[in-house]
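A.B. asks:
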Amino acid sequence: MFLSFAGILKQEFKSKITNKFSDKIQVEFAFQDIDNLPNGFSYPEGREKPWGTGHAILSAAKLIDGPFNFN
Numbered sequence: 001m002f003l004s005f006a007g008i009l010k011q012e013f014k015s016k017i018t019n020k021f022s023d024k025i026q027v028e029f030a031f032q033d034i035d036n037l038p039n040g041f042s043y044p045e046g047r048e049k050p051w052g053t054g055h056a057i058l059s060a061a062k063l064i065d066g067p068f069n070f071n
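Residue numbers (this note's numbering): 1 to 71.
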């Protein structure tokens, strides 16, 4: 149930962002997944949420091709 709901939220989020910004900027998406960790790392049993900013950047690594900031 939760995964299905999360999938619906992802699609709704993508649709709203794409509709609002795609005519102004290139829009790509990366979503954090608790199974997306570097080799040798594991998450505590029962943890359901992502690990924060570092994990977010790791999840988007294939989309990042240079320095960036959010100022």
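For glycine and all other residues, C-beta sits at the position ideal for the given N, C-alpha and C.
Quick one: what's got a C-beta closer than 7 Å to Lys10's C-beta in the same chain, skipping five residues either side?
C.D. replies: Indexing the sequence shown from 1 puts residue 10 at position 10. Around Lys10: Phe31.
A.B. asks: In whole angstroms, what is the alpha-carbon distance linking Met1 and Pro44?
C.D. replies: For the purposes of this step, residue 1 is taken as the residue at position 1 of the sequence shown. For the purposes of this step, residue 44 is taken as the residue at position 44 of the sequence shown. Interpretation of Met1 is limited by its pLDDT of 41, a score under 50 that renders its predicted location unreliable; no figure is taken from the coordinates.
A.B. asks: Quick one: Cα of Phe21 to Cα of Lys14, how far?
C.D. replies: Position 21 of the sequence shown holds residue 21. Position 14 of the sequence shown holds residue 14. About 11 Å.
A.B. asks: Tell me which residues share the same chain as Glu28 and place their Cβ nearer than 6 Å to its Cβ, disregarding the 5 neighbours each side in the sequence.
C.D. replies: For the purposes of this step, residue 28 is taken as the residue at position 28 of the sequence shown. Excluding residues within five positions, the ones whose Cβ falls inside 6 Å are Leu63.
A.B. asks: Given Ala60, which residues of its chain have a CB within under 8 Å of its CB, disregarding the five upstream and five downstream residues?
C.D. replies: Within the sequence shown, residue 60 is the residue found at index 60, counting from 1. Within the same chain, Ala60 has close Cβ partners Ala30.
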